[in-house]
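To convert, count from 1 in the sequence shown and add 70; that's the working numbering.
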Amino acid sequence: MAEPVSLGQFEQMVMTAILSLDDNAYGVTIHARVEELSRPKKVARGAVYATLDRLEDKKLVASWLSEPTPERGGRSRRHYRLEKTGEKALRESARTALRVYEAIAQSLKGLAWKTPR
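Structure follows, in structure tokens:
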């Protein structure tokens, strides 16, 4: 059986952005969604593109070019989607994050925990 893929926090955010954007997941929209997820921290667009390339190299995401559009001067957009291996890796990362959160919450039970919005 293959070792589970370990994702870094930024990779998780980029993959979550792709998942939440569905058919509208391309560079600009992914960057905007990652910035929402990482708020108040700013995110460089180049960091998102480098991470997308790395995730594609790992076969966790796939990309394709759309048809050229007049509003983009006849250029195509590169769209992204999670592969099955990416969905599995993201799901496992979420489970791990939840276990960590629950351990922290239990250890700090005297403190009120609120989900940041």
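Backbone N, C-alpha and C fix where the C-beta goes; we use that ideal spot for every residue, glycine too.
State yes or no: is the beta carbon of TYR119 nearer than 8 Å to at least one beta carbon in chain D? Considering every chain present, this structure includes no chain D. It has just one protein chain.
Given 8 Å as the limit, is there contact between the region 158-176 and the region 92-101, that is, 3 or more CB pairs closer than that? no
Use the C-beta contact count for LEU168: other C-beta atoms within 10 angstroms, 16 or more gives buried, fewer gives exposed. exposed
Confirm, please, whether the CB-CB distance from LEU130 to ARG148 is below 8 Å. no
Closest by C-alpha distance to THR121, when choosing among TYR171, THR86, GLU73 and VAL170: THR86
With DSSP run on the structure shown, which of helix, strand or coil describes ARG124? helix
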